[in-house]
Structures are given as structure tokens and as C-alpha cells.
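*Asks:* Going down the list, the sequences are from chains A and B.
Residue numbering for the first sequence follows my numbering, beginning at 131 and increasing consecutively.
Residue numbering for the second sequence follows my numbering, beginning at 210 and increasing consecutively.
Questions regarding the structure given below will be posed in turn.
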Amino acid sequence: MLFNSGSFLCFLLLVLPTYWLLPSNSLRKLLLVGASFVFYAWWDWRFLGLLSFVILSVFFGARLVLFERRKRNRRRALLYLWCCLGIELAVLGFFKYFNFFEHNLLVGLHSLGIHAASSSLTFRVLLPIGISFYTFHAITLAVDTFRGTVDRKISLLDVALYIAFFPQLVAGPIVRATVFLPQLEGKRAFDGEDLLVALQSIGLGFLYKIVFADAIAPFVDSVFRAPGEFSWVYLVAGALGFYSQIYFDFNGYSLIAIGVSRLFGYRLPDNFNFPYCATSLTNFWRRWHISLSTWLRDYLYIPLGGNRVPPLKQLRNLMGTMLLGGLWHGASWNFVLWGGVHGAVLCAEKLIHGGRFGKERGEFSISFGLVAGWVITQIIVFLLWIPFRASNFQDTLNFISGLFSLRAGHSSVERQVGMIPWLLLVLPIVCDTFVVRSLRVWREKPALNPELAFAILVLATLCVAMLAKTGLRPFIYFQF
Amino acid sequence: MPRWYSYLIPLGLWVVVINVSMPAPKSYPDSPAPGLVLQAKQKLDAQDLARVQYVILVEGSSLTMNGFDGNRVQTVLTEHGIPAIILQLSSAGANHAERYQYLKEFMEALRPDQIDALRRIKVVLCREVELGYDRNPLNGFLRNGSTGRSMRYLGPDNFPTIFSWLALKFGATDWFKKHNLLTDLAGCGLFNLFHVGYVPRMEELAPTAQTEPFFPNITQSPTFTATGSLDAVADAVLDKRSVANFSSYLPWQRKRDRDFREIFRGLITSECYFAFPSWSKGDADYNAWKRRQPGKALFFDGTGTPLVKELDQPSLWYDQLHLQLAGAEIYSEQFAKYLVEQIQSKSL
């Protein structure tokens, strides 16, 4: 069920009033769990069993960890934690990476002259939607229980709601157990302020998704479908289009998820903070998919030693974290390349400037260094979106070679696709960076009069809508 | 929160500027409207209007498209010494809202000197009568959905007209029952009002080709079986329920007729309605009821002419409503004779 579909609207109109009319908190939570299961089953009911398995395994796992920790039996608590993590990672590994590893194993064996491939050995595993997100939630709960940041018995209902809460079930944001579970205590009262904030968030999310992202999507799809057919100008436009599309698509989804949660009185963390304003890659990762990057930091990088280990180990840990972060997005060498190069640049920044790169500066401080940093960072991010979007490694190479060789394309294909208006590529980003940012970030000292900013936003939206090819599209991050 | 004017003013400005400078209907080429208007306009351009006495403008749906041969009617009129041009704007599935758009676009396509010339001669508007379309101003709209065909006539300038027809057509409970239609209409209206996707549509616009308004059937529908005789169907005795039903369509039809007249800004000197005989009892009843309506409007359905007897052969029909080529020739011949009689008796 897509957020931008009529069925979701009907679903929400049914669940939301019922939720607020129910007299007790337990009944409300029960309703939300039921609704979340319906939401998930809408896509494929057969995977409800898997979702239930993840919920039950982490529920019992966290119970056992808590029990042993309270008895101060750390070794046994650790054992249970690893068992629990093993189960969740096995689920994730099997459903998400089985096909990838099997394919690469067979290719590897084939190159060694061993022909192990047989149809009886190979089978396709269907990727359950949102599996990367809900297994990460399960891991979070188990680890937080072990660490003691979650220090109470949690009911099965609460665990089920934490794992399966429908606004964040299929594409995040990844919420910490320590953030979400306390919100489940006590009956919530309907709050007008919450409603207003929720509607603003949902409205901006739909604007980003339906108007900005979907306006660019058809052109991007055409260029990435056959990058070898296009000239370098089309490839630049296609890559720039995806640079814009992925941000508005995923940020749009996150804003809607945050807004819908808020309608039920639950707060989810922000997932984006104007990442295309970042002046270094370190800074970019503090602004892009914040819930994932902080998760990787707190549950992978820091447990590996973080910044407390010698510099070489720090770089190794950083590289490993980014490689796994890349692989988390999908089982493909493209994502390994994407994560690997991000990791390498982060390591380079760490080596050159230590930890200073990612620090936030005043919103209005501008220097040559900052501008140069912004240009270099955005070029790297722009180029690295190419492997992220390309269908396979060959297409990535094709795309990048076409881009840098200033190649001519096939005019008949280009005529058929037609060049996207450059305004459509630039306007949404400019609008987000200057107008939305001025409304959301510079509240204390706005650079633009809020009325003027809002007027510009409205006109820019209408302008994009007029330039756009239209159609309903699913969110990109559903595939992860 | 920004104040109300921060979004209402740009919205209002956008709507006005965009709709005045870029008419949305022109960005939907998959409607028959541009092709039909082009063929009518070219036919008019080819004529020396100083030598023409009558311009007869015929509008209709598939019944007219299959059953009315404008060229044949024009030939018969000329043979009877009446210099006339028949301009036909008919297409399958065209409801009244769409036909309203055809006529509007035709008028917009006329040069000022042509409008002046038309003022000096007699312009007759001949309009098809058919139960399905007369019952519902947007008949078939949901079938065409938000295709370019319906989007072309759902421009913001047509919305007040279409809603006034619907307001006269629907009672309070009907508005609720028709919520699908209304939400679709609202969605399409907003889409056009804000010109969503206008630029790519205009970029893909191909040159308009002529659309033939007369497209005869040459085979018979395999599902068509004629029962009884056409004559018996036409000689209808109307029950009270049918009469009450048909009468309930009158308020919106009167408004529609006024709106159609207004398109021509006084150019129309007389009007004529025409219907096709039908094997369907409902349609035949409606035609009979329409014929018996008091008033000065001319109405041709073949009653009192040899038409019904001549068409009383299933082999002349495609289905219960639509004629085949041979049937169309007979119908056009008889309709032409009717026009000759009316012109000679100064009724037109």
C-alpha cells in the first residue's frame, strides 16, 4: 500500500478516527498492530509469518537478555544477544543476500572451472518489502536491552508495535527503541499542535514525492535503462535527475511517515537535514538518511572501537561500516562500490582534517573553503548516485565512461525520450535549499520573509507540476 | 505559519496568467475535436460564402457519425437549387460536454471575415437527439476517465457550464451517489486549472490531421438481433413512468440548449433536432416523446416520411442504434428532403 495511493487514504481514514475513539491505550496499540499487519499484508500476506517470526524472536531474545542482565550474568546475556542477532541477521541475510551470494559463488566456481550450477541447486528468494528496516529495529531492541538503555520488561504488544508500526515499517525512519518505547506508555491525548505539525509534514512530503520526485522520474528511468544509447549531455541530465529524485523521493516518504506517526501522537526522528548543503562528505552523512547513518555509527562503528582505537583501525572500521552500509541498500556490487567509495572519501577526510570536517558552522558563514568543499562534496555525491541507480555494474561503467568521454548518443533514441527541461532538474533543489530551509531552519533569523518564501514555494511547485510528466510511482526506498 | 495571502495570491496569479496565455485543451491531441474542427474549417475555407445561402452545422455522436452523410445531404440540397454547405462535427462516444467543446473550438477557429460572412447568410444548427446522451450530460465520461479526450473538454472555462448542467440534472441524493464522477471531475478540473504536465504534452504535440465526421459501418455487429418491426417500435405508446423520466431531463437540456446557442453569439438563425429510428424501445420511446414536445423547434426522426419503412430491414443496421452504410444513405437522403421542404416552406 503506497502512501500516495487512494487505498492508503481510505486505510488511514478508517484507522485514525477509530484509534482516537478507543478508550484505552492497550486497545489503541492493538488496533495499530492489527492495522500494521493489514498494511503489510496488502503487499504480500505470505510474509506476515516472517514479520511475526522477527517480532517473536526479538521479544523472547530481549526477555532472556534482560533476565540474565538483571542476574548480572553478563556472559549469558551476551550469548543470548548473539543468538538473537544471529537470528535477525540470518533472516536478513537469507532473504536479502541469498540470491547475490549464490550467484557470485557460482560465477566464482565457474571461473575456477567447477561447473556447480544446476537448476536443482538454484532457486530465487523473493525479497520481503521493508526487511532491512524491521530487522534493524529488532537488532536495536536486542542491543539496547543488553546495554541497559532499555531496562524493563516489554510486552509482546509493545514489541510488535515497535517493529511493525506501519508508518515506518517498510522504509523507515529507523527508530531507536529508547525513543519509541517510552512513547508507548500511558494514554495519549489528542493534540491540535500535533495535528498541525503532522499535516505540514505530510503536505511537504507529498509535494516532494508527487510533484518533485515523480516529475523527474520518467526521464531518469529512460536514461538509466540504456545509458549506452545517450550522449553525455543526456547522461549528465539523467544523473542530475537522479541526484534530485532520490532526495525528494526518500525525504518525501520520510516526511509522510513522520507526519502519519504524528497523527497517532508518536514522534519519529528526522531523517534528512538538507544534505545537499553539506560541505564535506562527513557532513553529508550527518544530514542524509540520519536514522541509518547514526544507527551504523552507534551499533557498528562505535562497538568496533569508534574513534578510541588507533588511526589505522579507525579507518578500517569506517571503511567496513560504509561497505556494510552500502550492502544494506541491496545485494549488488553497485552498492558495494557506492559504500566503498563513500568510505574511502570519508577516510581521506579523516586523514586530512581529523574530525573537523563534519562540524556544523553558522548558517550564514561563507568562505572560499566552504564553497569549494560544497562543490567537491556535491560532485562526489552526484557521481556516486550513478552506481546506486544503475541496474548493474556494466551499466555503471557504461554510464560513467559515456559521461567522461563526452560521447554522442543515438539521436533517434534521444528524440524519442526528449530532453528534460533543465529548470525541472534545478528548481526543486533550489527551492528546497533556499526556500524550505529558510522556513524550517532559519526560524530565529529568517533570511527570507516567510510569506515571500511560501509564495515562492507555491509558484515553484506549480512550475514543476507544469513541466512534469505525470503518473503514480512507488517510493525508491521500498526496495531496500 | 505564513499568512493566507502567501499562497492564495501566487495561486490566483498563476491560474489567471497560465489559463489566459496557455489554453489547456490544446495540449490534448487525442480528442477528435482538433481533427473535426480542421475538416469543417477547411471545408468552409474552400467555399465562397458570398454564393452560399445556408450553412448547416450538424453535431452528434456515433449515431450521426455512422448514419449521417453530410456530403450527400449537401448534394441533394444543391440539386434542389439550395446553395448550402453542411459542416459536420460528430464522433463516436461524444457526449454533450464534448460536443459543446467541438462547437466552441470551431467558433474559435473562424476568421473575423468568415464570422461577418456567416452573419449575412442563414446558419442552421442541427443537433442529434439520443436518449443516452440526453439523459446524462457526461454520458461515458467515466469510461473515458482522465484520458486526453475528456481532459480536453474539462478545461476551467467549461467547468461552470458543465456543473450547471449537473446541478440541474442531479437531485441532492444523486450528488452523493455520483461521488466517483464528482471526484474525478474535480481531479481533472484541478489538473487542467494548474496545467499539470502541460509542457511535455505540448512538446509531444503532433500536427493535427483531419478527422472524418462520417464513418459508415460496413458490417453488422454479431450481437445484433432485430425483433419485431422498426415501425412498431417507433409507434410508441408512452407510459407515465417513461414520460416522468423524460420530463426530468428537461431542466438541464434547456440550459444546455441556451449554452450551445451562446457559443455562436447570435450567428444561428434557426435550429433543428434530428433523431435516428431505433430498434431499442427505450430510445424509440424517447424519440416519440421528444417529437410530441410542444414548441417551434423542428424535429426530424423520419415519422411521416417513408424513412421508417425503408429502414425496417435489419440488414441496413449495424446494431440496435447504429446504421450501416446503405442505411446511412437512405437516412441522409430523407433528411435532405426534409430540409428542402422546411427551407421551401420558410421554416428554416
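The C-beta atom is built at its ideal place from N, Cα and C for all residues, glycine as well.
What do you reckon, are the CB atoms on Gly389 of chain A and Ala301 of chain A nearer than 9 Å?
*Replies:* Within the first sequence, numbered from 1, the residue matching residue 389 of chain A stands at position 259. Within the first sequence, numbered from 1, the residue matching residue 301 of chain A stands at position 171. Contact check for Gly389 of chain A against Ala301 of chain A fails: the beta carbons are separated by 9 Å or more.
*Asks:* May I ask you to list, following chain order, the residues of the segment 391-407 of chain B that have a beta carbon less than 9 Å from some beta carbon of chain A?
*Replies:* Of all residues in the segment 391-407 of chain B, only Phe400, Phe403, His404, Val405, Gly406, Tyr407 come within less than 9 Å of chain A when Cβ atoms are compared, listed by chain position.
*Asks:* What residues of chain B sit near Ala598 of chain A, judged by a beta carbon separation below 9 Å?
*Replies:* Taking the first sequence and counting its residues from 1, one reaches residue 598 of chain A at position 468. Neighbours of Ala598 of chain A on chain B, chain order: Val405, Gly406, Val408, Pro409.
*Asks:* Along the chain, where does the beta strand (DSSP E) containing Leu612 of chain A start, and where does it finish?
*Replies:* This structure cannot settle anything about residue 612 of chain A, because the visible part of chain A is limited to 131 through 610.
*Asks:* Using 8 Å as the threshold, is the segment 333-342 of chain A in touch with the segment 378-387 of chain A, meaning 3 or more CB pairs across them?
*Replies:* yes
*Asks:* Verify the CB distance criterion: does Thr405 of chain A have a CB-CB separation below 9 Å to chain B?
*Replies:* What you label residue 405 of chain A is simply residue 275 of the first sequence in a count that begins at 1. In the sequence on display, residue 405 of chain A carries Pro and not Thr. Not closer than 9 Å to any Cβ of chain B, the Cβ of Pro405 of chain A fails to qualify, so no.
*Asks:* Using alpha carbons as the reference points, say which of B:Val338, B:Leu312, B:His289, B:Ile324 lies closest to Cys481 of chain B.
*Replies:* What you label residue 481 of chain B is simply residue 272 of the second sequence in a count that begins at 1. Cα-wise, what sits closest to Cys481 of chain B is B:Val338.
*Asks:* How would you label Glu479 of chain A, buried or exposed, when you count the other beta carbons within 10 angstroms and need 16 or more for buried?
*Replies:* Residue mapping note: residue 479 of chain A aligns to position 349 of the first sequence, counting from 1. When all chains shown are included, Glu479 of chain A counts as buried.
*Asks:* Would you list, in chain order, the members of the segment 534-555 of chain A that have their beta-carbon closer than 7 Å to a beta-carbon of chain B?
*Replies:* Gly548, Pro551
*Asks:* Counting only the same chain and skipping the five closest in sequence on each side, list residues whose C-beta sits under 6 Å from that of His483 of chain A.
*Replies:* Mapped onto the first sequence, residue 483 of chain A falls at position 353. Closer than 6 Å at Cβ, skipping near neighbours: no residue.
*Asks:* In chain order, what residues of the same chain lie with their CB nearer than 7 Å to the CB of Gly316 of chain A, ignoring the 5 residues before and after it?
*Replies:* Working through the first sequence from its first residue, we reach residue 316 of chain A at position 186. These residues qualify, in order along the chain: Asn155.
*Asks:* Could you work out which residues of chain A lie near Trp223 of chain B, taking near to mean beta carbons separated by less than 7 Å?
*Replies:* Numbered from 1 along the second sequence, position 14 holds the residue referred to as residue 223 of chain B. Neighbours of Trp223 of chain B on chain A, chain order: Leu589, Leu592.
*Asks:* Regarding Asn275 of chain B and the ligand COA, is the C-beta to nearest heavy atom distance less than 8 Å?
*Replies:* Annotation note on the ligand COA: not contained in the displayed structure, which lists no ligands.
*Asks:* Flag Ala595 of chain A as yes if its beta-carbon sits less than 9 Å from any beta-carbon of chain B, otherwise no.
*Replies:* Indexing the first sequence from 1 puts residue 595 of chain A at position 465. Interface residue, yes.
*Asks:* Assuming Thr507 of chain A and Ser410 of chain A are in contact, meaning their beta carbons sit under 8 Å apart, how far apart are those beta carbons, in whole angstroms?
*Replies:* Here the question's residue 507 of chain A lines up with position 377 in the first sequence. Here the question's residue 410 of chain A lines up with position 280 in the first sequence. About 6 Å separates the two Cβ atoms, so the contact holds.
*Asks:* Pick out whichever of A:Arg306, A:Ala268, A:Asp351, A:Asp324 has its Cα sitting closest to the Cα of Trp212 of chain A.
*Replies:* Position 82 of the first sequence, counted from the first residue, corresponds to residue 212 of chain A. For the residues A:Arg306, A:Ala268, A:Asp351, A:Asp324, the minimum Cα distance to Trp212 of chain A belongs to A:Ala268.
*Asks:* The beta strand (DSSP E) with Ala293 of chain B in it runs from where to where?
*Replies:* One-based indexing of the second sequence puts residue 293 of chain B at position 84. Residues 293-299.
*Asks:* With 9 Å set as the bound, which would you pick, yes or no: does the beta-carbon of Phe133 of chain A sit closer than that to a beta-carbon of chain B?
*Replies:* On the first sequence, position 3 is the one that residue 133 of chain A refers to. Not closer than 9 Å to any Cβ of chain B, the Cβ of Phe133 of chain A fails to qualify, so no.
*Asks:* In this structure, does DSSP put Ser352 of chain A in helix, strand or coil?
*Replies:* The residue given as residue 352 of chain A occupies position 222 in the first sequence. Correct three-state label for Ser352 of chain A: helix.
*Asks:* Which term fits Cys140 of chain A, buried or exposed, when burial requires 16 or more other beta carbons within 10 angstroms of its beta carbon?
*Replies:* What you label residue 140 of chain A is simply residue 10 of the first sequence in a count that begins at 1. Flag for Cys140 of chain A reads exposed.
*Asks:* In the DSSP assignment, what residue or residues form a beta bridge with Asn426 of chain B?
*Replies:* Translated into positions along the second sequence, residue 426 of chain B becomes position 217. DSSP lists B:Gln533 as the beta-bridge partner residues of Asn426 of chain B.
*Asks:* Determine which residues of the segment 314-327 of chain B have a Cβ less than 9 Å from any Cβ of chain A, and write them out in chain order.
*Replies:* Answer in chain order: no residues at all.
*Asks:* With a threshold of 9 Å between beta-carbons, can Pro219 of chain B be considered close to chain A, or not?
*Replies:* To locate residue 219 of chain B, count along the second sequence from 1; it is residue 10. Yes - at least one Cβ of chain A is within 9 Å of the one on Pro219 of chain B.
*Asks:* Could you check how far apart the C-beta atoms of Phe225 of chain A and Leu257 of chain A are, in whole angstroms? I think they sit under 8 Å.
*Replies:* Start at 1 with the first residue of the first sequence, and residue 225 of chain A comes out as number 95. Start at 1 with the first residue of the first sequence, and residue 257 of chain A comes out as number 127. With 8 Å as the limit, Phe225 of chain A and Leu257 of chain A qualify as a contact, their Cβ atoms being about 6 Å apart.
*Asks:* Determine the DSSP secondary structure at Ile185 of chain A, reduced to helix, strand or coil.
*Replies:* Here residue 185 of chain A is taken as the residue at index 55 of the first sequence, counted from 1. Ile185 of chain A falls in the helix class under three-state DSSP.
*Asks:* Note down the Cα distance separating Pro312 of chain A from His419 of chain A, rounded to an integer number of angstroms.
*Replies:* Numbered from 1 along the first sequence, position 182 holds the residue referred to as residue 312 of chain A. Numbered from 1 along the first sequence, position 289 holds the residue referred to as residue 419 of chain A. Their backbone Cα atoms lie some 23 Å apart in a straight line.
*Asks:* Could you name the residues of the same chain whose beta carbon sits closer than 6 Å to that of Leu286 of chain A, not counting the 5 residues immediately before and after it, in chain order?
*Replies:* Along the first sequence, one-based indexing puts residue 286 of chain A at 156. So the qualifying residues of the chain are Phe189.
*Asks:* With a threshold of 9 Å between beta carbons, is Ser249 of chain A in contact with chain B?
*Replies:* In the first sequence, the residue the question calls residue 249 of chain A occupies position 119. Residue placement at Ser249 of chain A cannot be trusted, given a pLDDT of 48 that sits under 50; the coordinates are not used to answer.
*Asks:* Find out if the Cβ-Cβ distance for the pair Phe473 of chain B, Asp510 of chain B is shorter than 9 Å.
*Replies:* Residue 473 of chain B sits at position 264 when you count from the first residue of the second sequence. Residue 510 of chain B sits at position 301 when you count from the first residue of the second sequence. For Phe473 of chain B and Asp510 of chain B, no; Cβs fall outside 9 Å.
*Asks:* Once DSSP output is grouped into helix, strand and coil, what is the label at Ile265 of chain B?
*Replies:* Counted from its first residue, the second sequence places residue 265 of chain B at position 56. Ile265 of chain B falls in the strand class under three-state DSSP.
*Asks:* Looking at Leu298 of chain B: is its Cβ nearer than 9 Å to the Cβ of Pro422 of chain B?
*Replies:* The sequence position of residue 298 of chain B within the second sequence is 89, counting from 1. The sequence position of residue 422 of chain B within the second sequence is 213, counting from 1. Yes.
*Asks:* For the 8 Å Cβ check, are there 3 or more pairs between the segment 437-447 of chain A and the segment 461-470 of chain A?
*Replies:* no
*Asks:* Tell me which residue opens and which closes the alpha helix (DSSP H) that Arg361 of chain B is part of.
*Replies:* Along the second sequence, one-based indexing puts residue 361 of chain B at 152. Its alpha helix (DSSP H) spans residues 357-362.
*Asks:* Using the C-alpha atoms, what's the distance from Asn229 of chain A back to Ser250 of chain A?
*Replies:* Within the first sequence, residue 250 of chain A is the residue found at index 120, counting from 1. Within the first sequence, residue 229 of chain A is the residue found at index 99, counting from 1. Because the pLDDT at Ser250 of chain A is just 48, under 50, the model does not fix this residue reliably, and the value given afterwards should be weighed accordingly. So the alpha carbons of these two residues sit roughly 14 Å apart.
*Asks:* What does DSSP give as the partner residues of Leu160 of chain A in its beta bridges?
*Replies:* Taking the first sequence and counting its residues from 1, one reaches residue 160 of chain A at position 30. Beta-bridge pairing links Leu160 of chain A to no other residue.
*Asks:* Please determine if the segment 360-372 of chain A and the segment 534-544 of chain A are in contact, where contact requires at least 3 C-beta pairs separated by less than 8 Å.
*Replies:* yes
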